[in-house]
Amino acid sequence: MLDNIKLKTFYLDLKESKSILRCVLGVCFALIFCTTMDYPGAHMTAIFTLMFLDVGKQPLGFKKEIGIVIVLYILGFVGVYFGNYLIDYPLVIIPTLGLIIFWSFRSIIIPQPIRLLFLLLVVLIPFISIQANALGDVVLDTLLFNVVIALLIVRLAFFIFPFSKKEIIKTNQQEATKLINYDKVAFNGLVVVFPIVLLFYVFNSNIALLTLVFIIILAFDPFIYQSKKGLALVVANILGGLAGIIVYNILVIAPSYVLYILLIISTAFYFVTNLFSGKKIAPVYKISFNTFFVVMGVISSSDNDAGSTLRERLFQIMLAVFYVVMAFKMMNVLNNPITDNNE
């Protein structure tokens, strides 16, 4: 009798944790599969997969999945065109990039992962094309390939662990008492991101490119500075980096493919469980998990000097965190987008 109760309790707990299991399955399979097949940018596939399996995310559906790939290809092609033909006309490309950044923040009716991928494509591809025209096409093909693999894995994850209406996240009552001016949010995002993009373009710098990428990713949370969230984000990124370094050192001591898989799954359970915990600082674990993916990408693509490369990547990520937190803190003081209904 007691065994039956325990079994029933375990089944119910497993059912309640379906979203966690789905996310762990998706991101682990994405990273392990792409690394095993030696696909380029395996860690990017895992990051894209996490975007679509995050808290409250629902199945996209076949039409939306096809639409995402087509739209991203068109936007990426536009980015390649900018890089190949319009880079000699800064008075054209710079205002265009500014408008794209603004509307990437403002178009809230479009899902955030799509806006983020769109902005990354349009910002990075022209910049990379400056180095060599052919690189823009290579990067576009690689990113689109990673997105397609991620969408297939997301579909598989939702098939194994189907989505239920109970998973729909209810809006917090405290948030209902606030009004957000999204024009101000978009303007603040433009002021934070655009100077960094301009800096990279003007100096034609491919050093610390990871800093630019993480600034764009982090900037999509314009309230990152609030309360202790900024500090928690710094700690979480350190945690994600340390997790990657620990996994790296363990694999150096005992190189084993099975051990690699077990370490990835164990780490994923830790971060995803915290991400779905419902705590106020839960969203910062997503960035921390992304940091872990970047570190694992360095491990899989670096030579014997991976240790120093890890430290360099972690420094770039921490630099991005510090800049975004401080920049948004200042901008939201000067141009606060939040107003209270009770006032």
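Note that the sequence shown covers residues 19 to 361 in this note's numbering.
The beta carbon of each residue, even a glycine, is placed where N, CA and C say it ideally should be.
On the CB-based measure, 16 or more other CB atoms within 10 Å of its CB, does residue i come out buried or exposed?
i, result
"residue 126", "exposed"
"residue 349", "buried"
"residue 131", "buried"
"residue 69", "buried"
"residue 170", "exposed"
"residue 197", "exposed"
"residue 200", "exposed"
"residue 158", "buried"
"residue 139", "buried"
"residue 298", "exposed"
"residue 1", "In the structure as shown, the chain starts at 19 and stops at 361, and residue 1 therefore has no counterpart that could be examined."
"residue 24", "Note that residue 24 scores a pLDDT of 45, beneath 50, so its modelled location is shaky and nothing firm can be said."
"residue 54", "exposed"
"residue 217", "exposed"
"residue 192", "Because the pLDDT at residue 192 is just 42, under 50, the model does not fix this residue reliably, and the point stays unresolved."
"residue 302", "buried"
"residue 17", "Nothing in the structure corresponds to residue 17, since the chain is present only between 19 and 361."
"residue 128", "exposed"
"residue 221", "exposed"
"residue 38", "buried"
"residue 278", "buried"
"residue 75", "buried"
"residue 351", "exposed"
"residue 342", "buried"
"residue 335", "buried"
Counting along the chain, where does the alpha helix (DSSP H) carrying residue i start and finish?
i, result
"residue 48", "36 to 54"
"residue 122", "108 to 124"
"residue 283", "275 to 293"
"residue 354", "Where residue 354 is concerned, there is no enclosing alpha helix (DSSP H), given that its DSSP letter is neither H nor E."
"residue 207", "200 to 221"
"residue 60", "60 to 70"
What do you reckon, are the CB atoms on residue i and residue j nearer than 8 Å?
i, j, result
"residue 168", "residue 207", "no"
"residue 258", "residue 306", "yes"
"residue 176", "residue 77", "yes"
"residue 118", "residue 142", "no"
"residue 235", "residue 211", "no"
"residue 203", "residue 355", "yes"
"residue 115", "residue 231", "no"
"residue 304", "residue 179", "no"
"residue 205", "residue 353", "yes"
Thinking residue i and residue j are a contact (beta carbons under 8 Å), I'd like their distance in whole angstroms, please.
i, j, result
"residue 71", "residue 172", "6 Å"
"residue 300", "residue 285", "About 17 Å; that fails the 8 Å criterion."
"residue 281", "residue 265", "5 Å"
"residue 229", "residue 345", "With a Cβ gap of about 13 Å, residue 229 and residue 345 do not count as contacting."
"residue 166", "residue 87", "6 Å"
"residue 96", "residue 155", "Residue 96 to residue 155, Cβ: 13 Å. No contact."
With a threshold of 7 Å, establish whether the CB of residue i neighbours any heavy atom of the ligand GDP.
i, result
"residue 40", "Absence of the ligand GDP from the depicted structure is noted, as is the absence of any ligand whatsoever, leaving it without description."
Item to complete: Indicate whether the contact test is met: 3 or more Cβ pairs, each with one atom in the region 56 to 71 and one in the region 298 to 315, closer than 8 Å.
Response: yes
Discussion item. With a threshold of 8 Å, are at least 3 pairs of Cβ atoms found where one atom belongs to the region 139 to 148 and the other to the region 39 to 50?
Written reply: no
Discussion item. For the pair the region 91 to 99 and the region 155 to 170, tell me if three or more CB-CB distances fall below 8 Å.
Written reply: yes
Worksheet item: Can you find at least 3 beta carbon pairs, one from the region 283 to 291 and one from the region 34 to 42, that sit closer than 8 Å?
Response: yes
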